[in-house]
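Residue numbers (the numbering used here), protein chains in the order written: chain V, 20 to 342; chain B, 20 to 342.
Beta carbons are placed, not taken as given, at the ideal position from N, Cα and C, and that holds for glycine.
These notes are about the structure you will find just below.
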């Protein structure tokens with residue numbers, strides 16, 4: 020049994036050893052650049068954790084984890100182009116550092132390369148792993164498309180339910196699929212791997228709503244972000260879509276005018292509206308509801324309690340974070 | 020045994036039956052749009068042809084062919100973004116018809132979806148097919164990067180050898196890999212499928228040089244394209260890179276000034292330079308040399324001659340085309 024910290028360290032060390040071709044230099048140098056800007060690698064680590072729920076870590080959990088991490092980085096590179104983002108994790112976004120064509124190709128290569136690692140797994144369950152991976156990779160594209168659609172939609176055309184569908188696809192499926200693949204590799208049956216998928220979906224949605232909540236109501240000293248950054252960007256978050264669903268027509272017109280305020284006035288005005296409609300408390304309850312669902316599912320998975328410790332710890336890291 | 024025309028028709032009918040999800044509409048509607056603008060489907064048809072060299076057509080040859088065609092369309096959609104192209108096969112390019120973010124996502128989905136079809140093939144050789152596919156898909160990304168590098172390079176920094184490496188990756192590997200996968204599915208051994216790969220590389224390069232040749236020396240009434248279109252776009256073709264390699268320093272300076280002429284003067288000036296350096300004849304010989312290599316390889320493949328007929332016919336369609 021490895022702790023969460025040990026598994027994180029194992030994966031980090033392993034991912035650094037992944038080798039890439041060197042020619043053409045402008046392609047692979049930029050692949051290395053983006054992979055060098057490491058994030059928390061929560062998805063691949065969750066793949067190891069799920070493997071360990073059922074058996075000792077197998078080499079294939081690293082293969083599946085590397086596949087997920089490569090794909091995740093591809094979607095970050097392509098998202099940054101779509102959003103016109105300048106920075107990624109504090110460094111220049113790839114299309115800014117290099118150029119847009121190379122960033123498109125780096126993303127394409129990373130998608131292709133993720134299948135290279137899936138193709139190395141045990142033929143006994145390789146087809147199943149690839150099917151899970153295809154489902155989640157497709158889901159991420161769909162979620163990103165919905166996110167684009169959301170951005171172009173009018174305020175009255177978005178709903179909290181659609182927001183949940185979008186975050187499930189864009190954010191939660193990759194975590195869910197990582198857990199599910201790890202479970203398959205560890206020897207779980209279809210029921211157990213399916214339950215871990217559902218655990219990941221609920222945890223992922225809880226995480227997303229909490230992220231929206233902290234943006235408005237979190238302590239900037241702890242989050243390290245500007246308070247109300249989503250409001251500044253006019254992002255249609257869970258908080259905003261829920262509020263819109265509650266507003267009577269005349270208040271809706273008021274909100275539409277608020278959205279045109281200068282950001283300095285917009286942030287306090289929208290925050291006040293959230294408070295008027297009890298959105299702060301509602302968001303806390305939603306996070307709790309999705310978290311509770313996740314943990315109820317986890318209880319249904321019949322493995323020794325101590326094997327669940329790193330997964331529970333991961334959930335706490337994701338949800339109790341104070342930053 | 021099916022003729023080339025029958026195999027083309029079989030694939031065309033089959034590809035139309037491929038089903039896609041409907042939600043999110045903005046993603047899948049545009050997937051259908053780009054796949055609806057059908058090209059000649061030479062790559063997937065060559066997969067069927069290669070299968071038929073060794074045995075009757077198997078269902079898996081359609082799966083592999085669909086994978087190749089989906090991937091090819093992905094690279095067209097992404098290339099059009101990179102090149103800022105307005106049209107694709109006479110219709111609006113996807114990023115023009117819709118928008119750039121959706122075009123990126125459609126391309127990403129098509130890459131992912133191509134693996135869906137590879138994952139349906141017989142486990143006996145699935146790993147091998149995926150490995151061939153990974154090699155060619157990676158090659159296409161590398162070739163596209165080299166093409167971008169070429170475009171940004173100065174005239175003195177490009178060489179005919181580099182041009183051949185670039186076209187091998189960008190154009191020839193997808194044909195070569197399709198043939199190779201078809202051969203594996205048909206029951207070929209490693210030597211035979213490897214030889215078909217090499218056949219495809221040589222045929223693909225011959226095709227590319229001929230394409231460059233026809234652009235300058237072909238009959239516009241037959242090509243349906245503006246004569247010297249590549250010269251107008253300052254494209255670094257096989258003809259141009261070969262010429263650069265032959266030019267003494269003082270002529271090189273002249274060429275550099277010619278490249279800044281107005282297109283109406285540039286086309287005849289560059290064409291005259293090609294004639295001065297015997298490039299017209301050289302190109303014809305190069306096409307013949309690569310074609311001869313391809314056919315020599317084909318002779319080494321020990322199957323009944325009548326089984327080779329559709330493949331020879333395909334090569335003639337590709338190379339003796341008068342349009």
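- Not a single C-beta of chain V is nearer than 8 Å to the C-beta of residue 29(B).
- Here residue 266(B) carries a coil assignment [DSSP, helix/strand/coil].
- By the Cβ-count criterion, residue 287(B) is exposed, with fewer than 16 other Cβ atoms from all chains shown falling within 10 Å of its own Cβ.
- Closest by C-alpha distance to residue 97(B), out of 163(B), 310(B) and 292(B), is 163(B).
- Spanning the alpha carbons of residue 204(V) and residue 318(V) requires a straight line of approximately 20 Å.
- Two segments are said to touch when three or more pairs of C-beta atoms, one from each, lie closer than 8 Å; by this definition the stretch 145–162 of chain V touches the stretch 127–135 of chain B.
- Around the beta carbon of residue 77(V), 16 or more other beta carbons sit within 10 angstroms, so the residue counts as buried.
- Residue nearest to residue 53(V) within the set 102(V), 87(V), 100(V) and 92(V) is 92(V) (criterion: CA-CA distance).
- Under the Cβ distance rule, residue 138(V) counts among the residues neighbouring chain B, one pair being separated by less than 8 Å.
- For the set 236(V), 144(V) and 168(V), the Cα lying nearest the Cα of residue 208(V) is the one of 144(V).
- Within the DSSP bridge table, the entry for residue 29(B) names no partner.
- Rounded to the nearest whole angstrom, the C-alpha separation of residue 70(V) and residue 200(V) is 8 Å.
- For residue 156(V), the nearest CB of chain B lies under 8 Å from its own CB, placing it at the interface with that chain.
- When the alpha-carbon of residue 324(B) is set against those of 58(B), 72(B), 42(B) and 40(B), the nearest one is in 72(B).
- When only Cα atoms are considered, residue 89(B) and residue 79(B) end up about 15 Å apart.
- At a Cβ-Cβ threshold of 8 Å, residue 289(B) and residue 250(B) count as neighbours.
- The Cβ-Cβ distance between residue 60(V) and residue 27(V) falls below 8 Å.
- Sequence-distant Cβ neighbours of residue 41(B) in its own chain, meaning closer than 8 Å and more than five residues away, are 47.
- The C-alpha of residue 261(B) is placed about 18 Å away from the C-alpha of residue 285(B).
- As DSSP reads the structure, residue 111(V) sits in a beta bridge with 106(V).
- Contact with chain V is absent for residue 281(B), since none of that chain's Cβ atoms lies less than 8 Å from the residue's Cβ.
- For a Cβ distance threshold of 8 Å, residue set 134 and 138 of chain V lies close to residue 149(B), ordered along the chain.
- For residue 43(V) and residue 146(B), the gap between their C-alpha atoms comes out near 26 Å.
- Judged by DSSP in its simplified three-state form, residue 139(V) adopts coil rather than helix or strand.
- Residue 153(V) and residue 149(B) do not touch by the CB rule: their CB atoms are close to 13 Å apart, not below 8 Å.
- Per DSSP, residue 322(V) lies in no alpha helix (DSSP H) segment and is marked neither H nor E.
- In the structure shown, the three-state DSSP call for residue 246(B) is coil.
- In this structure, residue 328(V) and residue 222(V) do not form a Cβ contact; the two beta carbons are roughly 16 Å apart against a cut-off of 8 Å.
- Residue 202(V) sits buried, since 16 or more C-beta atoms from the chains shown fall within 10 Å of its C-beta.
- Residues 108 of the same chain have their beta carbon placed closer than 7 Å to that of residue 58(V), with the five preceding and five following residues left out of the count.
- Taking a contact to require three or more Cβ pairs closer than 8 Å, the stretch 223–239 of chain V and the stretch 297–310 of chain V qualify as touching.
- Neighbours of residue 161(B) in chain V, taken as residues whose beta carbon is under 7 Å from its own, are 43 and 46 in chain order.
- Residue 99(V) and residue 151(B) have their C-alpha atoms roughly 31 Å apart.
- Under a criterion of Cβ atoms nearer than 9 Å, no residue of chain V is adjacent to residue 82(B); the nearest Cβ is some 13 Å distant.
- Taking a beta-carbon distance threshold of 8 Å, residue 91(B) does not count as an interface residue toward chain V.
- Taken in chain order, the members of the stretch 109–132 of chain V whose beta-carbon sits within less than 9 Å of a beta-carbon on chain B are 118, 119, 120, 121, 123, 124, 125, 126, 127, 128, 130, 131 and 132.
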